[in-house]
Amino acid sequence: MTALNRVPSLMVRAGTASAFAIAAVGGSVVVPGVAADAAAATPATKALKVAASKKGSPYRYGATGPRRFDCSGLTLYSFKKAGKKLPRTAAQQYNKTRHIGSGSRKAGDLVFFHSGSNVYHVGIYAGKGKIWHAPKTGDVVRLQKIWTKSVWYGRVK
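Under the numbering used here, the first residue of the sequence shown carries the number 515, and numbering increases by one thereafter.
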């Protein structure tokens, strides 16, 4: 058995190893918190964080930020800040996303509210059945539970 072959068993017995020893056997160094942060740094999760940072911003029809938003203006702004381009309206955004089932939804996906085939509202899925969105005139950007089953989900490409 070579020294390289013994390193993993030494790590198991001792419980620790230097970064050099791990690299010598082709492993990777795991630093607490770093892997989760790296995995979370997708455009979708960046857009979700941007939308959440706009909490309390007033709704204004046709507004795309940075201080006021309508529903699709918030999603457009949030994804633009995350490096992704979306069209202007909720219906156009639906047509530009990869459509996914509710069982595949992830935080950062878009949630499209529809009546029949008409998409009339959009928000960003935050997990646990909630979205960040700009609801309506007189309201503000906020986190809210999805209130209907008439939704479709889309993932920004």
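Glycine included, each C-beta is placed from N, C-alpha and C at the ideal position.
- With DSSP collapsed to three states, give me the class of A604. Taking the sequence shown and counting its residues from 1, one reaches residue 604 at position 90. Of the three classes helix, strand and coil, the one that applies to A604 here is helix, per DSSP.
- How about R612 and Y639: do their beta carbons lie closer than 7 Å? As a first step, residue 612 is located in the sequence shown; it is residue number 98 there, counting from the start. As a first step, residue 639 is located in the sequence shown; it is residue number 125 there, counting from the start. Between R612 and Y639, the gap from beta carbon to beta carbon reaches 7 Å or more.
- Query: Using a Cβ-Cβ cut-off of 7 Å (strictly less than) and excluding sequence neighbours within five positions of S571, which residues of its own chain qualify?
  - Reply: Within the sequence shown, the letter at position 57 stands for residue 571. Around S571: R581, R582, F583, V654 and V655.
- Message: Can you tell me whether S631 is helix, strand or coil according to DSSP?
- Response: Reading the sequence shown from its first residue, position 117 is the one you call residue 631. Correct three-state label for S631: coil.
- What do you get for V544, buried or exposed, if any count of 16 or more other CB atoms within 10 angstroms of its CB means buried? As a working mapping, residue 544 is identified with position 30 in the sequence shown. Below a pLDDT of 50, predicted positions are generally treated as unreliable, and V544, at 38, falls in that range; the measurement from the model is reported next regardless. Classification for V544: exposed.
- Short Cβ contact (7 Å threshold) for K659 with K644: By one-based count along the sequence shown, residue 659 stands at place 145. By one-based count along the sequence shown, residue 644 stands at place 130. It is a contact, given that the beta carbons lie within the stated cut-off.
- Item | Where P649 sits in the DSSP three-state scheme | By 1-based counting over the sequence shown, the position of residue 649 is 135. Three-state result, P649: coil.
- Message: To the nearest angstrom, how far is the alpha carbon of K563 from that of K642?
- Response: As a working note, residue 563 is residue 49 in the sequence shown. As a working note, residue 642 is residue 128 in the sequence shown. Straight-line measurement puts the Cα of K642 at about 16 Å from the Cα of K563.
- Message: Pop quiz: V636 and L624 are said to be a contact at Cβ under 8 Å. What is the actual Cβ separation, rounded to whole angstroms?
- Response: Start at 1 with the first residue of the sequence shown, and residue 636 comes out as number 122. Start at 1 with the first residue of the sequence shown, and residue 624 comes out as number 110. The pair is a contact, with the Cβ atoms about 6 Å apart (cut-off 8 Å).
- Task: Name the residue from Q606, F626 and W666 whose alpha carbon lies nearest to the alpha carbon of A648.
- Result: In the sequence shown, residue 648 corresponds to position 134, counting from 1. Minimum Cα distance to A648 is reached at F626.
- Got a sec, what are the start and stop residues for the beta strand (DSSP E) G579 sits in? Translated into positions along the sequence shown, residue 579 becomes position 65. Annotation: G579 is outside any beta strand (DSSP E) and is labelled neither H nor E by DSSP.
- Where A596 sits in the DSSP three-state scheme: Indexing the sequence shown from 1 puts residue 596 at position 82. A596: coil per DSSP, three-state reduction.
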